[in-house]
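Numbering (this note's numbering), first residue to last: 65 to 202. Yeah, the Cβ is synthetic: ideal placement off N, Cα and C, and Gly gets one too. What follows is one structure encoded as structure tokens, with my remarks underneath.
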């Protein structure tokens, strides 16, 4: 009615009321359409939820337990003494096993001759360096 009062000299009141009724009817039809769609979808949704609820949960997480071993300080000192050298490029150590990257084979021989570190495997990298798979002599 506010819109009619604003333009009351131009638009007949009967026409304005008819337009408002038509607009309300269209809005109600759209509401009913969405309501019916929801009523059709609800059974499928409930079925999916019930299937999900009944299905046992499968564990997707692989759990690994790590033993809490006591760390021997002499092993740590041995790794540090052999890793901090000018001829060693890179060292990766994990649980008394590791990899050491050196420039030449003579440096690998020096490590093996000290009898603290055992060299298990030697491979040559793309850069021309040597990768030594090592472990401690215990």
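- The segment 185 to 195 makes contact with the segment 152 to 172, as at least three CB pairs between them are under 8 angstroms.
- When the five nearest sequence neighbours on each side are left out, the beta carbons in the same chain lying within less than 6 angstroms of the beta carbon of residue 187 are those of 195, in order along the chain.
- Judged by their CB atoms, residue 118 and residue 161 are not nearer to each other than the 9 angstroms cut-off.
- Closest by C-alpha distance to residue 141, out of 91, 181, 83 and 97, is 181.
- Taking C-alpha positions only, residue 99 is separated from residue 107 by approximately 14 angstroms.
- Within the DSSP secondary-structure output, residue 185 pairs in a beta bridge with 197.
- Of the other Cβ atoms in all chains shown, 16 or more fall within 10 Å of the Cβ of residue 171; this residue is therefore buried.
- Taken through DSSP and simplified to helix, strand or coil, residue 170 comes out as helix.
- The straight-line gap separating the alpha-carbon atoms of residue 94 and residue 81 is approximately 20 angstroms.
- When rounded, the separation of the alpha-carbon atoms in residue 151 and residue 138 is 22 angstroms.
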